[in-house]
Amino acid sequence: MKLRTKVQLFLSGFMILVILLINSAVYVLYENRASENEINRVKADVESIMEAIVNSSTLEIEQENLLTAYLPANGIIRVIDSNGDTIEHVSTDERFDEWPFAYSQTEHSQIARDNQTRYVQVSIPIIWKDGSVVTLQVSEALYAMDDSLSTLRLVLLLTAGMMIFPTLLAGYLLSQYITNKIQALTAEMKENPKNGRWEKLELKRNNKDEISEMQQAYNAMIDRIEENRQKQERFVSDASHELRTPISVIRSYAELLQRRGKDKPEIFDEATDAILSESDRMQHLTEQMLILAKNEDQENVLFEQVNISQIVRDVIRSLSTAYQREIKFYHETEQDITISADRSKMHQALYILVDNACKYSEDTVIVRMQDIQDQLAIDVIDKGEGLSEAEQQHIFDRFYRVDKARSRKAGGTGLGLAICHGIVQLHGGKVHIESQMNQGSTFTITLPK
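Our numbering applies: residue 11 is where the sequence shown begins, and numbers increase by one.
Written as structure tokens, this is what we have:
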């Protein structure tokens, strides 16, 4: 079912239901009010009859004539003794004699129905001329009330019919208005991409409805698609460029082996060493590229409560043994700090920073942990050559290397800091650098506790 039909059916059905409920409420309220008025009117008549009966004892008026004088136009008057028998009664129609009656010592009133006739019945105890307590009962057919209710039903039915037509028309127009905009928006979306490029939707400045918000969300999605496309192109370009050099070296030495390797053993040894070295470098580069791509997928992050202080100690213990270097750890709190993080990824990010500090400096490396209000700061300080301001702007970019010759000698790929930066961002933190030439660098990871 189309959205247009759903909107029209829902709006029309809802309005019809509201009309029916309102009309029903009006009818019920009017019926209750009319019934209450009729009961009060008949009660007043009964009180008048009771006073007349009391006065008739002194005036010696016959009871039957008295009751006939007060007989309603469409009703019956009964006097019922304690045995439930009728002492006196007068009526305007024999059909009314079939209405039920009963003796009662308390005042009682009701609206009843006999076949097709609705009537009001009021019973009240009085003292009869012989001193006994009898029940005076007056019943009257509510023809006028039934006629009024019939007229009201007709008016309400006609009113509902007159209101339903504009409701259906309004539902149709509203569904057209909504779906036409959505169809126009869908048509624009289907045209993308145009000539291989994703085009944004044209927005109306004065329009601030939900359709406009959808257009803005679509344009924001186009921006993300374009950003991801550019990142993908840059990633593929950088990866191709980085892999071209080891492939060229391997190919060159393979060709040298093919031409002269059989005659000169020294060339064979040199070529195999170079091929193995470049192969290891390609493997390392490929693994880091896969790690980088995996870290960008937030579904691979497993958050749990981890002892970040112990993770730093494990990293320092591992690298101080590997480099045979002194790495000092300053923990500025008395107790270990626990945060919500992915244990393996956070270990990897810290490992990258401390490993770089050991690679590119000869002096002691310092790791410092500070508890700053609701944040945790981890500093990795080295006394290496430092970085210029221009180099600091790109240090976290993929495949960026300050000194390619030095990086190649140290086994760098230009992906380590990009991986570290991505991991910290996944944890809602930041990583930044402060550095001066020939004075060293300080990398700081800031994480929410």
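Note that CB positions come from ideal geometry on N, CA and C, so glycine has one too.
Roughly how many angstroms separate the alpha carbons of residue i and residue j, rounded to a whole number?
i	j	result
N75	Y129	24 Å
T296	L425	10 Å
T374	I391	9 Å
G394	Q446	10 Å
H99	Q131	14 Å
L312	G439	16 Å
N65	Q73	11 Å
A281	E336	37 Å
S417	I257	Reliability of the predicted coordinates at S417 is poor, the pLDDT of 47 falling under 50, and the value obtained from them is presented with this limitation in mind. Rounded to the nearest angstrom, the two C-alpha atoms are 18 Å apart.
E48	E108	21 Å
D273	D279	12 Å
S58	E117	15 Å
A230	Y333	47 Å
M173	R51	36 Å
L69	S114	Low confidence applies to L69: its pLDDT is 47, below 50, so where it sits in the model is not reliable enough to give any reading.
S354	I443	23 Å
E104	G85	10 Å
G23	F175	12 Å
W208	A428	28 Å
V165	D124	26 Å
Q532	D233	Past the boundaries of the shown model lies residue 532; the chain is included only from 11 to 459, so the question cannot be answered.
I388	K241	29 Å
P203	S250	26 Å
P135	S160	35 Å
L211	A197	11 Å
Please say whether residue j and residue i have beta carbons closer to each other than 8 Å?
i	j	result
I221	K200	no
I433	A359	yes
Q385	L436	no
S133	D91	no
S29	A170	A small correction: the amino acid at residue 29 is Ile; Ser does not occupy that position in the sequence shown. The answer is yes: Cβ separation under 8 Å.
V316	I277	no
F111	Q147	yes
G181	L21	yes
D381	T331	no
R291	Y340	no
L162	Y37	yes
E87	V144	This sequence places Ile at residue 87; Glu is not what is there. Contact: no.
I376	K338	yes
Compare the Cα-Cα distances from residue i to each of the options and report the closest residue.
i	options	result
Q126	I87, K139, Y153, S142	Y153
S262	I285, I388, E57, S58	I285
W138	D273, A62, N202, L195	A62
L195	E223, D103, L178, T177	E223
T189	E372, T102, V17, H442	V17
L179	A227, R51, I26, S330	I26
M299	C430, S101, A332	C430
E288	N202, I174, V259, E314	V259
T452	N238, L397, K459, R408	L397
D352	I318, F339, R323, E342	I318
T362	T454, T348, Q345, T343	Note that residue 362 is Ile in the sequence shown here, rather than Thr. Answer by Cα proximity: T454.
L253	F409, I443, D95	F409
K459	D389, I347, E399	I347
A83	D95, Q449, S101, N93	S101
Q345	T331, Q320, K338, H357	Q320
N46	N93, Q120, Y37	The displayed chain sequence assigns Glu, not Asn, to residue 46. Comparing Cα positions, the closest option is Q120.
A44	S158, R378, T96	S158
H357	F245, H341, R327, I376	R327
N448	K338, F406, I376, E372	E372
V3	E41, L77, N42	Lying outside 11 to 459, the shown extent of the chain, residue 3 is not represented and no answer is given.
What's the call for residue i, buried or exposed, on a 16-neighbour Cβ count within 10 Å?
i	result
Y370	buried
R14	buried
S34	exposed
H177	The sequence given here has Thr at residue 177, not His. Looking at its Cβ environment, which holds 16 or more other Cβ atoms inside 10 Å, T177 is buried.
A54	exposed
L31	exposed
D365	buried
L39	exposed
E150	buried
S247	exposed
A79	exposed
V325	buried
L329	buried
Q193	exposed
A415	Only weak support is given to the placement of A415: the predicted model assigns it a pLDDT of 45, under 50, and the value that follows is read from those uncertain coordinates. Under this definition A415 is an exposed residue.
L168	exposed
Could you tell me whether any non-hydrogen atom of the ligand FMN is closer than 7 Å to the CB of residue i?
i	result
A35	The ligand FMN is not among the ligands present in this structure, which contains no ligands whatsoever.
For the stretch 384-411, list the beta strand (DSSP E) runs that are entirely contained and at least 3 residues long, ordered along the chain. Taking only runs of at least 3 residues, the beta strand (DSSP E) segments lying wholly in the stretch 384-411 are 385-392.
Residue ranges of each beta strand (DSSP E) within the stretch 131-177, 3 or longer: The beta strand (DSSP E) runs lying completely inside the stretch 131-177 and spanning 3 residues or more are 143-151, given in chain order.
Enumerated in chain order, which unbroken segments of the alpha helix (DSSP H) with a length of 4 residues or greater are wholly contained in the stretch 283-337? Entirely contained in the stretch 283-337, the alpha helix (DSSP H) runs reaching 4 residues are, in chain order, 318-333.
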